[in-house]
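Mind the numbering: the sequence shown is residues 0 to 188 in numbering that gives the first Met the number 0, read in order.
Where is the CB? At the ideal position from N, CA and C, for every residue including glycine.
Owing to the predicted nature of the structure, the values given are computational and were not obtained by experimental measurement.
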Amino acid sequence: MFLVENCFYWIGFHIVEYLLDQGYTVTGNDEIDTDGKEHLSMFIGRNENFTHMKQRLNESAYDIRLTPHETALTLHKDSASTIYLPLLFGEWMPMNQDGMYYRGDFIAFDSDEFVEKAVYIGDFLKIIDQCIAASNLPSAVNVKKKGEDINAEIKLENSVFIRNNRPINDRIKTVKNHYKKFSKLYESK
């Protein structure tokens, strides 16, 4: 059983959808205070293994919390582990046809920053599986794109590097097509 806070934020939505697809029972905690969150709630709200709670519940085996600025999530299992997120992109993220919004800034899909650092949300979710299965997770895990430069403060033994399974341009095309198909449901910036 999982509790996912901010479950109707785009990253939280993908985490919930992934956990449900794996057969887990998920309780989502979030206010439905935007049209975008309301639309995302409709996609998973009818799943019999999903329950939406407006107030926090402490009865889950695992608790996943997202930070408000997309920089980390906290996985509470036996103890708390902070998973520092790479530059994630995927369906339902704040975006337009040319790029994405990240922490209030616009990042073009063809920019060096995006090409060097961006990780598709579907590739990242496999890391969540590994963290759940880990018996001794460190207090901090840094997730980066393979080949991305890291600073000296990051411990390599606490780092996970994701290799894109498909060319990034294929993923961008998929996300752009999704955006075009559902543009009225995306939150605007």
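Between the CA atoms of residue j and residue i - distance to the nearest angstrom
| i | j | result |
| --- | --- | --- |
| Tyr101 | Leu65 | 14 Å |
| Val25 | Asn157 | 27 Å |
| Ser203 | Ser78 | Residue 203 is absent from the model: the chain starts at 0 and stops at 188. |
| Thr70 | Pro85 | 8 Å |
| Lys180 | Ile31 | 23 Å |
| Tyr61 | Thr73 | 10 Å |
| Lys172 | Leu184 | 18 Å |
| Asn48 | Met0 | 9 Å |
| Phe12 | Glu115 | 25 Å |
| Tyr17 | Val174 | 17 Å |
| Ser138 | Phe105 | 31 Å |
| Ser182 | Thr33 | 15 Å |
| Asp111 | Asp128 | 29 Å |
| Val142 | Leu124 | 11 Å |
Burial state of residue i, where buried means 16 or more other Cβ atoms lie within 10 Å
| i | result |
| --- | --- |
| Glu4 | buried |
| Pro166 | exposed |
| Asp29 | buried |
| Arg170 | buried |
| Ser40 | buried |
| Gly27 | buried |
Cβ pair residue i, residue j closer than 8 Å
| i | j | result |
| --- | --- | --- |
| Phe108 | Gly121 | no |
| Val159 | Ile126 | yes |
| Gly44 | His38 | no |
| Gly146 | Tyr119 | no |
| Tyr23 | Gln96 | no |
Nonlocal neighbours in the same chain, by C-beta distance under 6 Å from residue i, ignoring five residues either side
| i | result |
| --- | --- |
| Asn46 | Leu19 |
| Ala117 | Leu86 and Phe88 |
| Arg162 | Lys145 |
| Thr81 | Ala71, Thr73 and Ala139 |
| Asn168 | none |
Assigned secondary structure, residue i (DSSP; H/G/I helix, E/B strand, else coil)
| i | result |
| --- | --- |
| Ala133 | coil |
| Lys145 | coil |
| Gly210 | Outside the shown range of the chain, which is 0 to 188, sits residue 210, and nothing can be said about it. |
| Tyr119 | strand |
| Arg64 | strand |
| Ile31 | coil |
Residue i: CB within 7 Å of a non-hydrogen atom of the ligand SAH
| i | result |
| --- | --- |
| Asn135 | The ligand SAH is not part of the structure shown, which contains no ligands of any sort. |
Close Cβ partners of residue i (< 8 Å) along its chain, the five nearest in sequence each way excluded
| i | result |
| --- | --- |
| Tyr8 | Asp29, Lys36 and Leu65 |
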